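Beneath this line is the structure, given in structure tokens, with notes to follow.
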Amino acid sequence: MPKAPQLEMGVVVSFSEIFNRPATIEGAGEVLAQYKRESVLLVLAKLGAALRVWHRPDYEKDNGLARDVFKNAARAEAHSMAGRPRRLFFTRLGILATARLALSVCDNPDASGITEPQQAAHIMACCLMMNELTSSTVPLTGVADLLVHQLANHNAMAHYDFRADLLRSLEIFQRNRDLLAKYPGTADLAEEFSRTTGLSPRASSSSCASSSAVLTE
Numbered sequence: 001m002p003k004a005p006q007l008e009m010g011v012v013v014s015f016s017e018i019f020n021r022p023a024t025i026e027g028a029g030e031v032l033a034q035y036k037r038e039s040v041l042l043v044l045a046k047l048g049a050a051l052r053v054w055h056r057p058d059y060e061k062d063n064g065l066a067r068d069v070f071k072n073a074a075r076a077e078a079h080s081m082a083g084r085p086r087r088l089f090f091t092r093l094g095i096l097a098t099a100r101l102a103l104s105v106c107d108n109p110d111a112s113g114i115t116e117p118q119q120a121a122h123i124m125a126c127c128l129m130m131n132e133l134t135s136s137t138v139p140l141t142g143v144a145d146l147l148v149h150q151l152a153n154h155n156a157m158a159h160y161d162f163r164a165d166l167l168r169s170l171e172i173f174q175r176n177r178d179l180l181a182k183y184p185g186t187a188d189l190a191e192e193f194s195r196t197t198g199l200s201p202r203a204s205s206s207s208c209a210s211s212s213a214v215l216t217e
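Below is the structure:
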């Protein structure tokens, strides 16, 4: 088995830190609904590919892009948290959650495409909204709380142990399902998964984890 990578903890930047107003699912939906669905998804795909968000974070590239896009990005760097942890603007979870919302709200055939940098910046701002909306609102009281708060955004172990990434993905799936369940008219993610696969998300994850354990022993 390969050696586990050295862990590094960064702290995800929230929308309210940069824009001085709270993130809301309604606000994110209004922004995305201005644009064609395929244009939004293309911006998100390019963002994910440029930053390679399925690998360990490239903080320099991530922060450099944020400074180019958001005029107040430096606010996130001027923090006073103990240990001065690095800040991360664009996460895999934030990008995927934005794409998921776009699938629901971008349904206007007369919406505009995305042709200008400022329009793409609107989509990237939605990613910061999702950083905030998919995170716990419980006050952080210590290092343990901070670690748990950032767990869903951490993917350094993904290529070390398939089972660790599987459990992480199940946790993210459940969190997003619970979040969307608060809003009428949104799809039940677990129900859609079960209808398509014939298994509940947890049963599917358990099956995959068991198969992985057999193959690695």
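Okay, so the sequence shown: first residue is 1 according to our numbering, each after it adds one. By construction, the Cβ of each residue, glycine as well, lies at the ideal position given by its N, Cα and C atoms. Small disclaimer: the values here were computed from a predicted structure and weren't measured.
Taking 8 angstroms as the cut-off, decide whether the C-beta atoms of residue 87 and residue 13 are in contact. One thing to note: residue 87 has its Cβ within 8 angstroms of the Cβ of residue 13.
Taking a contact to mean a Cβ-Cβ separation below 8 angstroms, would you say residue 35 touches residue 114 in this structure? Against a cut-off of 8 angstroms, the Cβ pair of residue 114 and residue 35 comes out as a contact.
Have a look at residue 195 and residue 189 and give me their C-alpha separation to the nearest angstrom. Taking the straight line joining both Cα atoms gives about 10 angstroms.
Determine which residues share a DSSP beta bridge with residue 35 and list them. 112.
Supposed close pair residue 129, residue 27 - CB separation, criterion 8 angstroms: About 7 angstroms separates the beta carbon of residue 129 from that of residue 27, a gap short enough to meet the 8 angstroms contact definition.
For residue 20 and residue 104, the rounded distance between their alpha carbons: Looking at the two C-alpha atoms, the distance is approximately 27 angstroms.
For the segment 170-199, list the alpha helix (DSSP H) runs that are entirely contained and at least 4 residues long, ordered along the chain. Fully enclosed alpha helix (DSSP H) runs of 4 or longer: 189-197.
Can you tell which of 98, 75 and 67 has the C-alpha that lies nearest to the C-alpha of residue 48? With distances taken between Cα atoms, residue 48 lies closest to 98.
Count the other C-beta atoms from every protein chain shown that fall within 10 angstroms of the C-beta of residue 39, then say buried if there are 16 or more, exposed otherwise. In this structure residue 39 is buried. Its beta-carbon is surrounded by 16 or more other beta-carbon atoms within 10 angstroms.
Report all residues from its chain with a CB closer than 7 angstroms to the CB of residue 159; omit the five preceding and five following residues, and keep chain order. With a pLDDT of only 44 at residue 159, under 50, the local geometry of the prediction cannot be trusted, and the value read off the model is given with reservation. Non-local C-beta neighbours of residue 159 in its own chain, meaning closer than 7 angstroms and more than five positions away in sequence, are absent.
Give me the Cα-Cα distance between residue 74 and residue 67, rounded to the nearest whole angstrom. Cα atoms of residue 74 and residue 67: separation of roughly 7 angstroms, rounded to the nearest angstrom.
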